[in-house]
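Beneath this line is the structure, given in C-alpha cells, with notes to follow.
Numbering (the working numbering), first residue to last: 3 to 199.
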C-alpha cells in the first residue's frame, strides 16, 4: 500500500466540498484501497460499548472491531472536514450534520466491514440503557442491514451492564427481540448472552 495514495483517496472524499453533503461513494476509492480480509468468526461489532469492546479485543487479539482494521485504526477518534472551495483540511471545527465527512466515513467503513463478515459474528450492546439495540444506530441501520446471509450464519449478541450499574435491558427485552426479528428475516441465526465474560 502506498501511504500517499491512501492520503489522496481520503482527502479527495471531502476537500473542496460542502461539509454537510458528503456521500458514501466519495469514500469508496479509499475503502477499496485499504480493504482487509478478516478471518471468519472473529468480527465484533459494538453499539454504545466502544471502550468495553476495545478492552475485549485487547485481551482477545484474535477478535476484530472496525477500529482494529487499518481503515478504522487510521481515523479512530479524529475529526475532519473540508469546505466548499477550500483546499485545506479542517481538523477543529466541523459542522454537526448527518452527511458530515466523519459520519459518512464511519457509515461507509461500517458497511464495508459488515459486507466482509463471515461465519459467526458478534455484537456487544449496552444493557445499561433502555434499548440495547437501536435500529437507528450505525449497528442497527448499517451493519445489520449489510450482513450477507450467504456468508454470515449466526450473530451472537452480548448485552453488557456497567459494573455496579443497573440493568435496563437484557436478552429478553423488546429491543433484542427486534434485533432477532430483523436477523430472522435475513435467515441469520441469533443467540444472546447477558453480561458475557
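Glycine is no exception: its CB is placed at the ideal position from the N, C-alpha and C atoms.
Predicted model only: the values in this text are computed from it and were never measured.
Query                                                                                                                                                                            : Result
Within its chain, find whatever has a CB closer than 7 Å to the CB of residue 134; leave out the 5 residues flanking it on each side and keep chain order.                       : 127, 128, 161, 171, 175, 177 and 178
Identify every run of the beta strand (DSSP E) within the region 49-106, keeping only runs that are complete inside it and at least 3 residues long; order them along the chain. : 83-85 and 88-92
In three-state DSSP terms, what is residue 193?                                                                                                                                  : strand
What does the alpha-carbon distance come out to for the pair residue 12 and residue 117?                                                                                         : 20 Å
By DSSP, does residue 165 sit in helix, in strand, or in coil?                                                                                                                   : coil
Just verifying my parser: in three-state terms, what is the DSSP assignment at residue 187?                                                                                      : helix
From which residue to which residue does the alpha helix (DSSP H) around residue 32 run?                                                                                         : 26-35
Suppose you measure from the CA of residue 83 to the CA of residue 101; what does that come to, to the nearest Å?                                                                : 11 Å
Look up residue 198 in the DSSP assignment and give the residues it is bridged to.                                                                                               : In DSSP, residue 198 forms no bridge with anything.
Does the Cβ of residue 119 have 16 or more other Cβ atoms within 10 Å, making it buried, or fewer, making it exposed?                                                            : buried
Measure how close the beta-carbons of residue 157 and residue 190 come, nearest whole angstrom, since I'm counting them as under 8 Å.                                            : 6 Å
Nearest-angstrom Cα distance between residue 46 and residue 4?                                                                                                                   : 28 Å
Can you tell which of 185, 110 and 94 has its C-alpha closest to the C-alpha of residue 151?                                                                                     : 185
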